[in-house]
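Residue numbers (the numbering used here), protein chains in the order written: chain A, 1 to 300; chain B, 1001 to 1428.
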C-alpha cells in the first residue's frame, strides 16, 4: 500500500516537473516554432515546388535542383561564397588571435584598447558599408591617396572593380568580426594556467615555443568553437555584401544568400530560392560535421 | 487541466470560424450607403499624393471615405505581397512599377477593372482586360541649369538634340565650366540602370527586351563610357562609392544637366524652399533622341517611364469593389489630374489645364521648351509585362554595373547578358 502511494506520489511529481519545464520553455518555444521551426520545415517542402507566393505551390519534384545544376549564376554565387570563406576564416582567425595575445597583457589602458577592437562589431553594418565605401573610393578615397603617396601608380578600384571587390569585402568583413572573436580568444587565454608558461620558461622555451606548445594547445576548444562559428558566418554572409556592393560590379561579389534573396524576394521564385537555401544549409551542415569529426579525432 | 485544453482549442476555433464568416459577407447594395475603402500608400508625411486623391474623391462622393494605410517605401512590394497572400491587404493598392504587375495579376490579386477609368487602364491590359488604372505617368526628361550653361557659354538645349548633341554639349560644358573656375561636370547620369537601358529600349527601332538580344544597348553604353572617360560626368565608381544623390548633384549645381523622371520636379521645388537645393534658373528639355526623326517642333520626342497605377484587391466585398471602381475612375480623370499637378506630380493624362496647374507653381520655369518637354512626348513603358521581366531586369543590372565600372568590355558584357538571358531566364 505504502509503495503504491509512493509511486503515485512520484508520478505526480514527475508530471508536475514536466509541466513546469514546459511552462518555462513554452514562451520561447512558441516564438521559435512560429518564426523559425515551421518556416524551415515548410522551406523543405517548398524546395520541391514552383511557388510565386500567391495560390498553391505546384509540386515539381527535383526540377529546382536540376535547374540549379545548369544555372551558371548559381555556380558563380557558390564560387564567390567559397572565395569569401576561404580567405575570411584564416584572416579573421589570425587577426583576432593576434589582437587577443596583444591585449592579454598587463598594459596601461588595456580596457580601452579592448573596447576599441570590439567597436566594429557593435557598429551598424550600413554605417560601416558607407564609410568603407568612401575609404575605398577609387579616385578620391584616402586609401588610394595613400597608395599613390607611397608610389603605387595604379591603385586598385576596390568595390568598383570586378577583380578587387571581393578582397575589399573580405577586408571589411575581417575588420568587423575580429573584435568579437578576439573576445572569445581572450576568454580562452585566461583559462590557460600561468604555471604552464612559467614551467616552459624554466625549461628554456622561447616565446615562439611557448606559443606553439602552450598557447595553441590551451586554446584548442576556443579555436574549434571560433572555426565553427566563422565557417557558418562566412557561408551565410549577406548583409555586408548587400549594403557594400549589392553583388556587383557584374556578379563579382554575388554570394549564395544574396542569390536566394534575389530569386525569392525580387523575382518571386520562392520554390527555387528554397532549393538554393537547402543547398546552402547542406554545405554549412556538411562542413560543420567534418569539423566536429576532425576535432573528435584530435581529442583521442 | 487536461480536459480544459481541448475545450479552449475548440472554442477558439469556433470563434475564428465565426469571425472569418463575418468578414466574407457582403453589405447591402445601396449606392448611397456610407462605405469606407482602404488605400495603400507609402511615406504618407512626405508623399502627399495619396491624401490628395483620397480627400478629392471624398469631396465628390461624400458617402465614400478613403482611409490610408501606410507602407514602407523601399519594401513596399515585399510588404504588399505578404499582406495580399495573408488576406490582410487594403481594398485598393498602388502598383509602383510594371515590373511587379505580372506577379500580382497572374497571382489573381487584381480585379478586372476594364469598366473603370477608360483608357487609363491601357498599360495594364492582359488578354484584353485591364487590371489597374494609371493615375500618374512620369516620363524622363532632361533637366538643365540655365545659369551654368550661361557661365560655360554653351548654347542651351533647343528641343532638337540627339544623343550626340547631348554628349558634345556635356563635354563643352565641362571644359567651359573648368575655364570659369568651377568643378561642376557637364552632366550627371545617375547609377540607375534605367538611365541608360530605359532610353535604349524605348528609342531604338525594333528593340525588344524579351527577345534576349541586347545589341541595342551598345551605342548607349558607348556614349556613357565616353562621357565618363572625358570627365564630363562623375564616374560610376565615384557615384557608387560616395553614394552621390542626383538631387544634390543637380540641386547643388554640381552638374549642369540631369536626365531624370518628372517626379524630380516636386522634389526640386521642395528642396529649393527648404534650402537643400540652391536657387538657380533651370529648365526642362525633351530627352535626347535616337536620331533627328523625332526632334524638332513638329515631331513627338520618344522617352520612357512606367505608369503608377491603382488596382483593386479581389477580396474586397462587392460594395467596396463598386466604390473602389468609382475611385479608380476619379483618379484617372482631369479633376484628380489638376489636383495632382497642383502638388507637382505628373498625372496620367496631361491636358492644358494640368500643364497650367503645374506651371503655375512657384519656382517652375516658364519657357516654352520646358512646357513642351512636360506636355508632349511619346512615353514608352520601361518594362514589358511578362513573367520574364523581373529576371531580365536583374541580370541586365549586373551588366550595367559591369560595363560602367569598366570591369568588363562592352561586347563581352552584352554577350554574357544574352547567354544568361537564354539559359537562366527565357528558358524558365
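Where a beta carbon is used, it is the ideal one built from N, C-alpha and C, also for glycine. Everything numeric in this text was worked out from a predicted model, so none of it was measured.
query                                                                                                                                                                                                          : result
Per DSSP, residue 1188 of chain B forms a beta bridge with which residues?                                                                                                                                     : B:1258
Which residue spans inside the stretch 1234-1306 of chain B form an unbroken alpha helix (DSSP H) run of at least 4?                                                                                           : 1236-1241, 1246-1251, 1264-1274
Under DSSP, the alpha helix (DSSP H) around residue 1334 of chain B begins and ends at which residues?                                                                                                         : 1334-1341
Residue 109 of chain A to residue 99 of chain A, Cα distance in whole Å?                                                                                                                                       : 14 Å
DSSP three-state call for residue 1145 of chain B: helix, strand or coil?                                                                                                                                      : strand
Mind listing the chain B neighbours of residue 257 of chain A? Cutoff is C-beta to C-beta under 7 Å, in chain order.                                                                                           : Simply none; closest approach about 16 Å.
Counting pairs of beta carbons, one from the stretch 152-161 of chain A and one from the stretch 239-258 of chain A, are three or more of them closer than 8 Å?                                                : yes
At a CB distance below 8 Å, what residues from the stretch 1226-1246 of chain B approach chain A? Give them in sequence order.                                                                                 : 1235, 1236, 1237, 1238, 1240, 1241, 1242, 1243
Check each candidate in A:116, A:171, A:28 and name the one with the smallest Cα separation from residue 143 of chain A.                                                                                       : A:171
Is there a C-beta anywhere in chain B that falls below 7 Å from the one on residue 276 of chain A?                                                                                                             : no
Taking the straight line between their C-alpha atoms, what separation do you get for residue 1151 of chain B and residue 1179 of chain B?                                                                      : 10 Å
Would you say residue 138 of chain A reaches chain B, if we count a Cβ-Cβ gap shorter than 7 Å as a contact?                                                                                                   : yes
Check the Cβ-Cβ distances between residue 162 of chain A and every residue of chain B, and say whether any is below 7 Å.                                                                                       : yes
Within the 7 Å Cβ cut-off, does residue 297 of chain A reach chain B?                                                                                                                                          : no
Here's the rule: buried if 16 or more other CB atoms are within 10 angstroms of the residue's CB, otherwise exposed. What is residue 1033 of chain B?                                                          : exposed
If we call anything under 7 Å between Cβ atoms a contact, is residue 1305 of chain B one with residue 1139 of chain B?                                                                                         : yes
Please go through the same chain and pick out, in chain order, the residues whose beta-carbon is closer than 7 Å to the beta-carbon of residue 1392 of chain B, but skip the five residues on each side of it. : 1209, 1421, 1425
Please report the straight-line C-alpha distance between residue 1403 of chain B and residue 268 of chain A, rounded to a whole angstrom.                                                                      : 27 Å
Measure the alpha-carbon distance for residue 1091 of chain B versus residue 1335 of chain B and round it to whole angstroms.                                                                                  : 22 Å
Strictly below 9 Å CB to CB, what residues from chain A border residue 1407 of chain B?                                                                                                                        : 157, 160, 161, 162, 163, 165, 248, 249, 250, 252
Figure out for me which residue from A:241, A:223, A:255, A:21 has the closest Cα to the Cα of residue 294 of chain A.                                                                                         : A:223
Keeping to the same chain, check which residues put their C-beta closer than 6 Å to that of residue 1235 of chain B; ignore five residues upstream and five downstream.                                        : 1228
At a cut-off of 6 Å, is residue 1277 of chain B close to the ligand FAD when judged by its beta-carbon and the heavy atoms of the ligand?                                                                      : This structure does not include the ligand FAD; it has no bound ligands of any sort.
Chain B partners of residue 58 of chain A, CB-CB under 7 Å?                                                                                                                                                    : Within 7 Å Cβ-Cβ: nothing; residue 58 of chain A doesn't reach chain B, min ~13 Å.
Identify the contact partners of residue 55 of chain A in chain B, using a Cβ-Cβ distance below 8 Å as the criterion.                                                                                          : 1107, 1108
Do you know how far the Cα of residue 1099 of chain B is from the Cα of residue 1105 of chain B?                                                                                                               : 11 Å
According to DSSP, is residue 195 of chain A helix, strand or coil?                                                                                                                                            : helix
Do the stretch 185-192 of chain A and the stretch 88-108 of chain A make contact, defined as three or more Cβ pairs closer than 8 Å?                                                                           : yes
Within a Cβ cutoff of 7 Å, which residues of the same chain sit near residue 1366 of chain B, ignoring the five residues on either side of it in sequence?                                                     : 1359
Look at the Cβ atom of residue 1097 of chain B, then the Cβ atom of residue 1280 of chain B, and state whether they are nearer than 7 Å.                                                                       : no
When the cut-off is 7 Å and only beta carbons count, does residue 104 of chain A lie next to chain B?                                                                                                          : no
Looking at chain A, which residues of the stretch 1361-1374 of chain B have a Cβ within less than 7 Å of any of its Cβ atoms?                                                                                  : none
Under 9 Å between beta-carbons, which chain A residues line up against residue 1084 of chain B? List them in chain order, please.                                                                              : 53, 54
Taking a contact to mean a Cβ-Cβ separation below 7 Å, would you say residue 1323 of chain B touches residue 1056 of chain B in this structure?                                                                : no
Just how far apart, CA to CA, sit residue 165 of chain A and residue 1161 of chain B?                                                                                                                          : 38 Å
Determine the contact status of residue 354 of chain A and residue 127 of chain A, defining contact as a CB-CB distance below 7 Å.                                                                             : A query on residue 354 of chain A cannot be resolved here, the shown segment of chain A reaching from 1 to 300 and no further.
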